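Chemist:
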Amino acid sequence: MLIGEYRHSLDAKGRVNFPAKLREDLGESFVLSKGMGVKCLYAYSQQEWQRLTEKLNALPVSKAAALQRYLFAGATEAQPDKQGRILIPQSLRDYAGLQKDLVIIGASNRAEIWDQDAWEQMCAEITPDMVAQMMDELDF
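In the working numbering, the protein residues as written are 66 to 205.
So this is what it looks like as structure tokens:
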């Protein structure tokens with residue numbers, strides 16, 4: 066399970082030191098894609114990406130085509146170097162608004178990469194009442 070919050074910085078070449086704990090859980094290589102409904106990046110293990118692919122491929126093309134284009138066209142395979150850094154392509158950095166300071170979080174079956182300011186703004190918008198309502202809706 067991917068958990069935790071980690072703060073890192075992009076270097077001048079668009080690389081970031083990806084947290085060791087998350088690398089352990091994601092594997093030797095993993096897939097980076099655009100976030101769904103949010104301006105961040107998702108990082109999936111190869112197994113989780115395969116599961117997502119199988120679910121999309123099981124749907125009729127008329128229902129899945131737009132999502133397939135969105136996810137697969139912008140996706141890239143990330144393979145950490147010996148220092149644990151991954152290169153985030155410019156197109157994905159632009160999509161997520163990644164500047165210098167990043168927050169990388171574990172989010173159960175995926176990791177997410179956020180611009181620090183966007184992460185802090187999103188967190189500030191979540192109130193205890195919202196969490197309670199979501200938990201009620203999910204029967205927790």
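Here a beta-carbon is modelled for each residue, glycine too, at the ideal position from N, C-alpha and C. The structure presented is a predicted model; accordingly, all values stated were derived computationally and were not measured.
Using three-state DSSP, classify residue 86 as helix, strand or coil.
Modeler: Helix.
Chemist: Shortest alpha-carbon distance to residue 75 belongs to which of 181, 124, 101?
Modeler: Among 181, 124, 101, the Cα nearest to that of residue 75 is on 181.
Chemist: Where does the unbroken beta strand (DSSP E) through residue 141 begin, and where does it stop?
Modeler: Segment 141 to 143, the beta strand (DSSP E) holding residue 141.
Chemist: Tell whether a beta-carbon distance below 7 Å holds between residue 100 and residue 107.
Modeler: It is a contact, given that the beta carbons lie within the stated cut-off.
Chemist: Of all the options 132, 158, 185, which has the alpha carbon lying nearest to the alpha carbon of residue 79?
Modeler: Measuring from the Cα of residue 79, the nearest candidate turns out to be 158.
Chemist: Which residues does DSSP list as the beta-bridge partners of residue 171?
Modeler: Answer by DSSP bridge pairing, in chain order: 176.
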